[in-house]
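Number of protein chains: 2
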Amino acid sequence: MMTTVCVPDAGLAAALADLGDLDVLVWDGDGPPPPDAAEIEFLVPRYALQPWSPAQLAQLPRLRVIQVLTAGVEPWLDRVPPGAVLCSARGLHGGTTAEIAVAGILSHLRELPRFAAQQARHEWDRHFTTTLRGRQVLVLGAGEIGRRVAEVARIFDASATVVGRTAREGVHALADVPHLLPTADIVVVALPNTPETTGLVDAAFLAALPDGALVVNVARGALLDTDALLTELTAGRLYAFLDVVDVEPLPSDHPLWSAPNVVITPHIGGGASGWEQVADRIVRAQVERYLAGKELANVVVAGY
Amino acid sequence: MMTTVCVPDAGLAAALADLGDLDVLVWDGDGPPPPDAAEIEFLVPRYALQPWSPAQLAQLPRLRVIQVLTAGVEPWLDRVPPGAVLCSARGLHGGTTAEIAVAGILSHLRELPRFAAQQARHEWDRHFTTTLRGRQVLVLGAGEIGRRVAEVARIFDASATVVGRTAREGVHALADVPHLLPTADIVVVALPNTPETTGLVDAAFLAALPDGALVVNVARGALLDTDALLTELTAGRLYAFLDVVDVEPLPSDHPLWSAPNVVITPHIGGGASGWEQVADRIVRAQVERYLAGKELANVVVAGY
Numbered sequence: 001m002m003t004t005v006c007v008p009d010a011g012l013a014a015a016l017a018d019l020g021d022l023d024v025l026v027w028d029g030d031g032p033p034p035p036d037a038a039e040i041e042f043l044v045p046r047y048a049l050q051p052w053s054p055a056q057l058a059q060l061p062r063l064r065v066i067q068v069l070t071a072g073v074e075p076w077l078d079r080v081p082p083g084a085v086l087c088s089a090r091g092l093h094g095g096t097t098a099e100i101a102v103a104g105i106l107s108h109l110r111e112l113p114r115f116a117a118q119q120a121r122h123e124w125d126r127h128f129t130t131t132l133r134g135r136q137v138l139v140l141g142a143g144e145i146g147r148r149v150a151e152v153a154r155i156f157d158a159s160a161t162v163v164g165r166t167a168r169e170g171v172h173a174l175a176d177v178p179h180l181l182p183t184a185d186i187v188v189v190a191l192p193n194t195p196e197t198t199g200l201v202d203a204a205f206l207a208a209l210p211d212g213a214l215v216v217n218v219a220r221g222a223l224l225d226t227d228a229l230l231t232e233l234t235a236g237r238l239y240a241f242l243d244v245v246d247v248e249p250l251p252s253d254h255p256l257w258s259a260p261n262v263v264i265t266p267h268i269g270g271g272a273s274g275w276e277q278v279a280d281r282i283v284r285a286q287v288e289r290y291l292a293g294k295e296l297a298n299v300v301v302a303g304y
Numbered sequence: 305m306m307t308t309v310c311v312p313d314a315g316l317a318a319a320l321a322d323l324g325d326l327d328v329l330v331w332d333g334d335g336p337p338p339p340d341a342a343e344i345e346f347l348v349p350r351y352a353l354q355p356w357s358p359a360q361l362a363q364l365p366r367l368r369v370i371q372v373l374t375a376g377v378e379p380w381l382d383r384v385p386p387g388a389v390l391c392s393a394r395g396l397h398g399g400t401t402a403e404i405a406v407a408g409i410l411s412h413l414r415e416l417p418r419f420a421a422q423q424a425r426h427e428w429d430r431h432f433t434t435t436l437r438g439r440q441v442l443v444l445g446a447g448e449i450g451r452r453v454a455e456v457a458r459i460f461d462a463s464a465t466v467v468g469r470t471a472r473e474g475v476h477a478l479a480d481v482p483h484l485l486p487t488a489d490i491v492v493v494a495l496p497n498t499p500e501t502t503g504l505v506d507a508a509f510l511a512a513l514p515d516g517a518l519v520v521n522v523a524r525g526a527l528l529d530t531d532a533l534l535t536e537l538t539a540g541r542l543y544a545f546l547d548v549v550d551v552e553p554l555p556s557d558h559p560l561w562s563a564p565n566v567v568i569t570p571h572i573g574g575g576a577s578g579w580e581q582v583a584d585r586i587v588r589a590q591v592e593r594y595l596a597g598k599e600l601a602n603v604v605v606a607g608y
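In order, the protein sequences belong to chains A and B. Residue 1 is where the first sequence starts when you use our numbering, and the numbers rise one by one after that. Residue 305 is where the second sequence starts when you use our numbering, and the numbers rise one by one after that.
Here you go:
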């Protein structure tokens, strides 16, 4: 019996081409559905933060698996049809998201924007900067992102404290965060967006940080209270590097754009070059598990 | 018998204050010498790239040890008086110099200057960038800098090949460099400046790199042929991140300032905050060895 899989592009279809008993449709959910859409059991939506609409999903009555290409799954949680499972792409973007966190930290500490302005003026002004050496880095998130950020911090002689949703060897519990904030020079937010973490970085969290601390958010905008951060930035008390914000795209008239002491990148942590090849491997392995009747990897919501 | 040590500032003097049999002079070599200058056996010049002049050193007839505060010692090599030794501050700036190399690499790959320009225009333009993942990083230098750059590259799923002056387990010989260049996406220059390495990165070296490669120099400017690099930059074939240049300060009318595809920082790899505390420990340990008649650490030129 054939299993029908729907993928968003020809590249992913090619990655599955040699698997037997498989009918692969290429459709990204826009426009009219292909003739066999009603047969789709395994759906890979395109790499995007927005989920399919309920109306789009209603076109797939036999849907059993939604394999997203993001690590975060929050927008999909209330979309999973009865009898289907939702799987995250855990690990797909973790390395490159850790990279953007480290890029933001080092660019801030070593003052790359200041030196870029000097270069534009042809000005050699040797000014020594701060550094990770001896700093306290608080990493919220013990997954692919947090692990790597902590490792890099330690290579550069910083102390890294890692917090996860579950306390374990080398990982503090979320409940410890209030005690860890007053000594944190840098906080990296790399937790999934869940009811437990939404709004975690609020006014009280920020107020507990020492003067001059850097807040890095590479997780999801909803974890951080933008207004509370704006207050601290405007007061000149804290610094921020934000790859994610609570409304994306950030509207052009939003005050965050021109607030002092903040660097904003447009959610580019994931999706860096080569991600498609990693995605091909992840999706292919998951389809093989499904065909073999094995337990799927990275199931976030199990059907009922 | 008292041993006379000369240090450049009160901080270093304080770090030695409780050692016995020691007369500590604070003098940075400028202005008239202190009354006991002729007694100086152990000299710590201030953290600077320029060595003391022969005339300044001639004021210290009893000099036995020059302990510099830089890792590179090249400017001092022909200044060491007969009977004296020259010691480098190996390891003092390695961590923060590796940090600036990684900052330059990640800022380039993840296009932080581009996103800074977008932020200035309040523009959310989600554009995916390149990344270290899957890249070939060629690290020239197997010391404190090179080791850390290689470790960070591997954490971000790049391949790192390390070259040292001496081939050993995990370290290639300088002779292998020509074979390693054609597949290098990024080259990090972190070798000391010696007769063997001066001018290493010349036109032939650069020509062997693939299109789009990034050249990072955090060692000394003399290792790289600036004119040859300018030709490649102007042709749009290579990119560069330079924390050091062959004439420092770089004159304001030098064409490198406004060449395309180059980022310049004014030799700020070392000297980042906290270096004085590390220097205090290094100098104190060395003075203790000297007082105890033990073998000194990091001797680069031994007296004759």
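Glycine included, C-beta positions come from ideal geometry on N, C-alpha and C.
Between residue i and residue j, what straight-line distance do the alpha-carbon atoms span, to the nearest angstrom?
| i | j | result |
| --- | --- | --- |
| Arg593/B | Glu345/B | 14 Å |
| Ala359/B | Arg383/B | 10 Å |
| Gly315/B | Pro349/B | 13 Å |
| Arg458/B | Glu99/A | 12 Å |
| Leu528/B | Gly503/B | 5 Å |
| Gly494/B | Thr401/B | Looking at the sequence provided, one finds Ala at residue 494/B rather than Gly. Each residue's alpha carbon lies about 9 Å from the other. |
| Arg414/B | Ala405/B | 14 Å |
| Leu361/B | Thr374/B | 18 Å |
| Ser273/A | Arg585/B | 44 Å |
| Leu396/B | Val492/B | 19 Å |
| Asp322/B | Leu367/B | 22 Å |
| Val163/A | Gly146/A | 9 Å |
| Ala517/B | Leu534/B | 14 Å |
| Tyr608/B | Arg237/A | Any reading at Tyr608/B needs caution, since the residue's pLDDT is 49, under 50, leaving its predicted position unreliable; the model's value is listed next. Going by the C-alpha atoms only, they are around 57 Å apart. |
| Lys294/A | Val65/A | 13 Å |
| Asp313/B | Leu347/B | 12 Å |
| Thr433/B | Ala203/A | 33 Å |
| Glu455/B | Ile409/B | 14 Å |
Kindly say whether residue i, judged by its beta-carbon, lies nearer than 8 Å to any beta-carbon of chain A.
| i | result |
| --- | --- |
| Val456/B | yes |
| Ser463/B | no |
| Phe529/B | Residue 529/B is actually Asp in this sequence, not Phe. For Asp529/B, the answer is no, since every Cβ of chain A falls outside 8 Å of its Cβ. |
| Asp429/B | yes |
| Ala397/B | Checking the displayed sequence, the identity of residue 397/B turns out to be His instead of Ala. Answer no: the Cβ-Cβ gap between His397/B and chain A never drops below 8 Å. |
| Thr487/B | no |
| Arg368/B | no |
| Gln354/B | no |
| Ala494/B | no |
| Phe419/B | yes |
Grab me the residues of residue i's own chain with a C-beta within less than 7 Å of its C-beta, minus the 5 sequence neighbours each way, in chain order.
| i | result |
| --- | --- |
| Gln286/A | Gln67, Cys87, Leu296, Ala297 |
| Gln118/A | Asp125 |
| Arg588/B | Ala319, Leu320 |
| Val301/A | Leu77, Val80, Val85, Leu86 |
| Gly269/A | His93, Thr96, Thr97, Ile100, Val218, Asp243 |
Kindly list the residues whose CB is nearer than 6 Å to the CB of residue i, restricted to its own chain and excluding five residues on each side of it in sequence; keep chain order.
| i | result |
| --- | --- |
| Ala317/B | Val311, Val328, Val330 |
| Gln440/B | Ser463, Thr487, Ala488, Asp489 |
| Pro33/A | Gln59 |
| Thr197/A | Leu191, Leu223 |
| Glu580/B | Gly315 |
| Ala523/B | Val493, Ala494, Leu495 |
| Gly525/B | Val548, Val549, Asp550 |
Using a Cβ cut-off of 8 Å (strictly closer), state whether residue i contacts chain B.
| i | result |
| --- | --- |
| Ser273/A | yes |
| Glu99/A | yes |
| Asp246/A | no |
| Thr130/A | yes |
| Phe205/A | no |
| Arg133/A | yes |
| Ile268/A | yes |
| Leu250/A | yes |
| Ala55/A | no |
| Val77/A | Note that residue 77/A corresponds to Leu in the displayed sequence, not to Val. No - not a single Cβ of chain B is within 8 Å of the one on Leu77/A. |
Could you tell me whether any non-hydrogen atom of the ligand FMN is closer than 7 Å to the CB of residue i?
| i | result |
| --- | --- |
| Glu552/B | Although the ligand FMN was asked about, the structure shown includes no ligands whatsoever. |
What does a CB cutoff of less than 8 Å around residue i pick up in its chain, not counting 5 residues either side in sequence?
| i | result |
| --- | --- |
| Asp325/B | Met305, Met306, Thr307, Leu595 |
| Asp461/B | Leu436, Arg437, Gly438 |
Worksheet entry | Any alpha helix (DSSP H) of 4 or more consecutive residues that is wholly inside the stretch 452–528 of chain B | 481–484, 507–511
Worksheet entry | Stretch-stretch touch, CB-based, cutoff 8 Å, three pairs: the stretch 350–367 of chain B with the stretch 557–568 of chain B | no
Item to complete: Quick one: which unbroken alpha helix (DSSP H) runs of 4-plus residues sit fully inside the stretch 365–431 of chain B? Chain order, please.
Response: DSSP runs (the alpha helix (DSSP H)) wholly in the stretch 365–431 of chain B: 398–413, 416–424.
Discussion item. I'd like to know if the stretch 137–147 of chain A and the stretch 443–451 of chain B are in contact, where contact means that at least 3 CB-CB pairs between them fall below 8 Å.
Written reply: no
Discussion item. Ignoring anything shorter than 3 residues, give me the beta strand (DSSP E) runs that lie fully in the stretch 214–293 of chain A, in order along the chain.
Written reply: Assignment of beta strand (DSSP E) within the stretch 214–293 of chain A, counting only whole runs of 3 or more residues, yields 214–217, 239–242, 262–264 in chain order.
Worksheet item: Are there three or more Cβ pairs, one per stretch, closer than 8 Å when the stretch 235–248 of chain A is compared with the stretch 166–178 of chain A?
Response: no
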